[in-house]
Amino acid sequence: MELEPDLCYRALSARDPRFDGVFFVGVTSTGVYCRPICPARTPGRERCRFYPVAAAAEREGFRPCRRCRPELAPGAAPVDAVGRTARLAASRIAAGAMDGRGLDALARELGVGPRHLRRAIRRELGVSPVELAQTHRLLLAKRLLTDTSLPIIDVAFSSGFASVRRFNALFRSRYRLTPGDLRKSAGRTAPDGRIRLTLAHRPPFAWDALLDFLRARAVAGVERVTADAYLRTVSVGGVGGWIRVEPSPRRHALTVDLPIAAARGLPSLLARLRRLFDLDAAPDAIDDHLARDGRLREDVRRTPGLRVPGAFDPFELAVRAVLGQQVSVRGATTLASRFAYAFGEPIETPFPELDRLTPSPERVAAVTLDELAAIGLVRSRAECLRALAAAVRDGDVSLEPGPDPERLMTIPGIGPWTADYIAMRAWGRPDAFPHHDLVLRKALGTRSPAEALAAAEPWRPWRAYAAMHLWRRSADRSSAGRNERGAPSETSEKGGDKHPSPLVGEGGRRPDEGATAVAPRGRRGL
């Protein structure tokens, strides 16, 4: 990945938050590397060295700045100038894919040879996969040492290190101080045994719009959305727990609370949260590009920084996409809630509303068609869910970012719309566009999926964000029309792979037609 030093220096001089996480700057006179938004006095141009990732700066001997804290920077945007293989590998390494295993396993998952993967990462990022993984572990450890009072041994293992001895040695070698030295300025874990961390993002951030989307789809027992926070149960690395997320606007960040017991799965958990809330997006570039088209200009002006909601659990999202075929949002949410209570493991949390873990592929693959029918599924959809679960369990289909949507369509019951929707949300593909979607076609004034695809061409490489704007516009209009008639405001997921929309009912039908919106058995209504 080639950086233009003069452009980087201008961004550094302006402390432009849009470039936070896009590059890092090493200062030769101090030996530290910083984020572009560092509050310290801007060094002279001749003393600055620019790097695409923190690991490249550390490879040159620079230490992380104690003021701007590079470990808190947002990640690179999905469309930044990094090769696809290197980007996918870097994303998985950040999530802990090399913790406890080697490069060969990661290369197999990505469908390339280890030598090719090693070359791709070094060519694009300037470091080896091992160096990249080590820096991610060290920076996470630095966060935990600074922001929590976790014992150092727990910090080591929670950061992905296999031994405390290796952690201490690498920390001292890279940062020229021991973990204990850094711990002197540490914060304190809350007395109820919680950890609080922050996840940075680039402004603007349409938090309320994102929360509205998630609120309408919150699965009872698994998720809860309040006026300003998102809560859910989690299972990472075989450890169950919960998370609570709320905005911290002045810091351009989200604040995450979680129990200490969930700390061992932190690399994966934090990576999942970044995907769920689309925190690595470059909203200024996206908004600027989409607003050039008169069809979207007003939408962008009304909701700047709109994100594409991702998925904390890709299998959970894929199940939701199947359950949402040809039913309303309320109906799909009801089915998803029944599904969670029928097949998810119970869990105790401090929140009475959160008492179920989302069902795993292994559990769903083992259930019978009769058990699935008992929660209200038609046979074809039940068969699709079992086939999907078995394919994921057996490794025939991966729901991690990377595969082509066509692989999903080998499963009976999954067509183009469902595959595109999974690519858009579970895989975080910024250019995914469900062109079979009826509401998108109506908004574009096109009659066929091919025409819709052609009409969306000017929005590349951010068609997923354009789709979110169009869905939100249609939902707002539909809601306003129903409210004027005194009917409840609701959006809809209809058509399955007969061209559904995840937001707006089709053909003027009431959005609650097609599924009975009742609560999970024995539970309150949603």
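Residues 205 to 730 in the numbering used here are what the sequence shown lists, from first letter to last.
C-beta atoms are modelled at their ideal positions from N, C-alpha and C, and glycine is treated no differently.
These figures come from a predicted structure and were not determined experimentally.
What are the boundary residues of the beta strand (DSSP E) that includes glycine 445?
It spans 443-452 - the beta strand (DSSP E) in which glycine 445 sits, taken as one unbroken run.
Can you give me the start and stop residues for the beta strand (DSSP E) that valine 526 sits inside?
That residue, valine 526, is in no beta strand (DSSP E); its alpha helix (DSSP H) goes 518-527.
Following the continuous alpha helix (DSSP H) through isoleucine 399, name the residue where it begins and the one where it ends.
Element bounds for isoleucine 399: not the alpha helix (DSSP H) but the beta strand (DSSP E), 398-404.
Output the distance between the C-alpha atoms of glycine 397 and glycine 444, rounded to the nearest integer angstrom.
Spanning the two alpha carbons is a distance of roughly 15 Å.
Over what stretch of residues does the beta strand (DSSP E) that includes alanine 457 continue unbroken?
Element bounds for alanine 457: 457-463.
Exposed or buried, serine 295, counting other C-beta atoms within 10 Å across all chains shown (16 or more means buried)?
Classification of serine 295: buried, given that the 10 Å Cβ count is 16 or more.
Is the separation between the beta-carbon of alanine 337 and that of proline 383 shorter than 9 Å?
The answer is no: Cβ separation not under 9 Å.
If you compare alpha carbons, which of Leu216, Val226, Ala258, Ala261 is closest to threonine 246?
The shortest C-alpha separation from threonine 246 is found at Leu216.
Determine the burial state of arginine 273: buried for a count of at least 16 other Cβ atoms within 10 Å of its Cβ, exposed for fewer.
Arginine 273 should be labelled buried.
So, at 6 Å on beta carbons, what are the nonlocal neighbours of alanine 475 in its own chain, with the 5 sequence-adjacent residues on each side left out?
Around alanine 475: Ala298, Ala299.
Considering only residues of the stretch 492-570, which uninterrupted alpha helix (DSSP H) runs meet the minimum length of 4 residues and lie entirely inside it, listed in chain order?
Listed in chain order, the complete alpha helix (DSSP H) runs (minimum 4 residues) inside the stretch 492-570 are 501-506, 518-527, 533-547, 565-570.
According to DSSP, which residues form a beta bridge with glutamate 427?
For glutamate 427, which the question treats as bridged, DSSP gives the partners Arg436.
Just the Cα atoms here: how many angstroms apart are arginine 214 and serine 233?
Their backbone Cα atoms lie some 19 Å apart in a straight line.
Is alanine 301 helix, strand or coil when you go by DSSP?
Note: alanine 301 maps to coil in three-state DSSP.
Excluding the 5 residues flanking glutamate 335 on each side, which residues of the same chain have their C-beta closer than 6 Å to its C-beta?
Same-chain partners within the cutoff: Ala259, Arg263.
How would you label phenylalanine 227, buried or exposed, when you count the other beta carbons within 10 angstroms and need 16 or more for buried?
By the neighbour-count rule (16 or more Cβ atoms within 10 Å), phenylalanine 227 is buried.
Just how far apart, CA to CA, sit leucine 561 and alanine 658?
In a straight line, the C-alpha of leucine 561 is about 41 Å away from that of alanine 658.
Near tyrosine 237, which residues of its chain fall below 6 Å by C-beta distance, leaving aside the five closest residues on each side in sequence?
If we look at tyrosine 237 and ignore the five residues flanking it on each side, its Cβ neighbours are Phe228, Gly230, Ala261, Phe266.
Hey, out of Leu473, Leu483, Ser564, Phe375, whose CA is closest to phenylalanine 516's CA?
Comparing Cα positions, the closest option is Leu473.
Measuring CB to CB, does proline 407 end up less than 9 Å from proline 487?
A contact, by the Cβ cut-off of 9 Å.
Less than 9 Å separating the beta-carbons of glycine 731 and alanine 630?
Outside the shown range of the chain, which is 205 to 730, sits residue 731, and nothing can be said about it.
CA-CA distance, arginine 251 and phenylalanine 409?
Using only the alpha carbons, I get a separation of about 33 Å.
Would the stretch 421-438 and the stretch 447-457 be scored as touching if the rule is three or more Cβ pairs under 8 Å?
Yes: at least three Cβ pairs fall under 8 Å.
Taking leucine 343 as the reference, give the member of Ala360, Ser332, Glu328, Ala218 with the closest Cα.
Out of Ala360, Ser332, Glu328, Ala218, Ala360 has the C-alpha closest to the C-alpha of leucine 343.
According to DSSP, simplified to helix, strand and coil, what is proline 274?
Helix, per DSSP.
Since I believe alanine 413 is in contact with arginine 676 (beta carbons under 8 Å), could you give me their beta-carbon distance rounded to a whole number of angstroms?
That pair is a contact at about 7 Å.
Could you say which of Pro662, Ala311, Asp210, Asp574 lies nearest to glycine 248 if we only look at CA atoms?
The shortest C-alpha separation from glycine 248 is found at Asp210.
Sort Gln530, Glu661, Arg239, Gly580 by Cα distance to arginine 270 and report the nearest one.
Arginine 270 has its Cα closest to that of Arg239, out of Gln530, Glu661, Arg239, Gly580.
From which residue to which residue does the beta strand (DSSP E) around arginine 253 run?
Unbroken beta strand (DSSP E) run through arginine 253: 252-255.
Do you know offhand how far methionine 672's Cα is from leucine 386's?
Those two C-alpha atoms are separated by around 43 Å.
I believe aspartate 491 touches valine 504 by the beta-carbon criterion, under 8 Å. Please report the beta-carbon distance rounded to the nearest angstrom.
Contact holds; Cβ gap of about 5 Å.
With distances taken Cα to Cα, identify the nearest neighbour of arginine 380 among Arg506, Gly235, Ser532, Pro609.
For arginine 380, the nearest C-alpha among the options comes from Gly235.
Which stretch, first to last residue, makes up the beta strand (DSSP E) that contains phenylalanine 228?
Taken as a continuous stretch (DSSP letters only), the beta strand (DSSP E) holding phenylalanine 228 covers 228-231.
Give the straight-line distance between the Cα atoms of histidine 493 and glycine 617, rounded to the nearest whole angstrom.
Using only the alpha carbons, I get a separation of about 35 Å.
Any idea if valine 582 is buried or exposed, counting beta-carbon neighbours within 10 angstroms, 16 or more meaning buried?
Exposed, since its Cβ has fewer than 16 Cβ neighbours within 10 Å.
Taking the C-alpha atoms as reference points, what is the distance between threonine 650 and alanine 656?
Taking the straight line from one Cα to the other gives about 6 Å.
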